[in-house]
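*Asks:*
Residue numbers (full-length UniProt numbering): 1 to 319.
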């Protein structure tokens, strides 16, 4: 596929075009989604199924949890889970290739009906509505993610349901993030809210955050700021989909920068949904994405092996 023009903003698409039953609208959505993911790796999506009322209730319950004292939050931190469920405290995650930990704390909610060796969810009893709203949003975004993966499958020339059995009861994570207030005089040298990174998973679905700060690295090396409109979510390619498509669909480096000095004493909240397949999914590059001009870039491995490798690199799991 030819390299297209550099984008100054993330393309906006309407997912109802794909589900409309109109073949022309569906085909156009597939093409536009694939083109954006081939170019910059990000799109904004409307009609994604998450109501504004549910979004606000979720943010309210998440803020209630993070406003509690550290010793209360730490009741829900279990090191043996390698950060896969429950609370993950300040200074625990370091982006791949970086020496200084990110300035954040977060909480992970996973598959409501875990199978096999999947860990069970842990919920804070001090904020009972946290469980209700995280699970509702998890279910909403899992369904939206499956629809987007159907469109991606069509774009790649695969059966529309190619991903269905691979993500059924998959390892997806809803991450409630708190970028805590910063004191400009004590921020460690080089520390940022989220250092430049690519996501591990197939695709990420991100509802609007409580403050700006998200930036995407364009392929010419320029960082561009992105903010989802109130009725949209931001969706991006993760490293697993990048591997599967031999870098045809691109996992783009992004970061969350520190606010300007006058806003450093404010919190930022963000809630991404990381859509993961089951651990046994084979991430070997699709044969249709490998040719003389696009030699195979990645070694073969399963999604579970890749996730394990990344958790060690992030400092969440011991080697």
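Every residue, glycine too, gets a C-beta built ideally from N, C-alpha and C.
State the DSSP-derived secondary structure class of residue 107, mapped to helix, strand or coil.
*Replies:* The answer is strand: DSSP assigns residue 107 an E or B state.
*Asks:* Between the Cα of residue 5 and the Cα atoms of 38, 26, 13 and 25, which residue gives the shortest distance?
*Replies:* 38
*Asks:* Among residues of its own chain, excluding the 5 on either side of residue 247, which ones have a beta-carbon nearer than 6 Å to its beta-carbon?
*Replies:* Cβ within range, chain order: 297.
*Asks:* Tell whether a beta-carbon distance below 8 Å holds between residue 320 and residue 200.
*Replies:* The question about residue 320 has no answer, for the chain in this structure spans 1 to 319.
*Asks:* According to the neighbour-count rule (16 or more other Cβ atoms, all chains shown, within 10 Å of its Cβ), is residue 174 buried or exposed?
*Replies:* Result: buried.
*Asks:* Where does residue 31 land, buried or exposed, given buried means 16+ other C-beta within 10 angstroms?
*Replies:* exposed
*Asks:* Write down the C-beta distance between residue 243 and residue 285 rounded to the nearest angstrom, noting that I regard them as a contact closer than 8 Å.
*Replies:* About 7 Å separates the Cβ atoms of residue 243 and residue 285, confirming a contact at the 8 Å cut-off.
*Asks:* Looking at the secondary structure, which residues open and close the beta strand (DSSP E) in which residue 179 lies?
*Replies:* 173–179
*Asks:* Work out the CA separation of residue 159 and residue 202 for me, nearest whole Å.
*Replies:* 17 Å
*Asks:* Per DSSP, which one or two residues make a beta bridge with residue 294?
*Replies:* 291
*Asks:* Among the residues of its own chain, which have a CB less than 6 Å from the CB of residue 226, if the five just before and after it don't count?
*Replies:* 10, 214 and 216
*Asks:* Residue range of the beta strand (DSSP E) that residue 282 falls in?
*Replies:* Note, residue 282: premise wrong, no beta strand (DSSP E); not H, not E.
*Asks:* If you follow the alpha helix (DSSP H) that residue 202 is in, where does it begin and where does it stop?
*Replies:* Run containing residue 202: none; DSSP gives neither H nor E here.
*Asks:* Measuring straight from C-alpha to C-alpha, what distance separates residue 252 and residue 64?
*Replies:* 32 Å
*Asks:* Which stretch, first to last residue, makes up the beta strand (DSSP E) that contains residue 271?
*Replies:* From DSSP, residue 271 is part of no beta strand (DSSP E); its letter is neither H nor E.
*Asks:* By Cβ distance, which residues of its chain are closer than 6 Å to residue 323, with the 5 residues on each side in sequence left out?
*Replies:* The requested residue 323 is not part of the displayed model; the chain covers only 1 to 319.
*Asks:* What number of angstroms, rounded off, separates the C-alpha of residue 136 from the C-alpha of residue 292?
*Replies:* 46 Å
*Asks:* Are the stretch 81–101 and the stretch 183–193 in contact at 8 Å, needing three or more beta carbon pairs?
*Replies:* yes
*Asks:* Straight-line CA distance for residue 121 to residue 134?
*Replies:* Whole-angstrom Cα-Cα distance: 11 Å.
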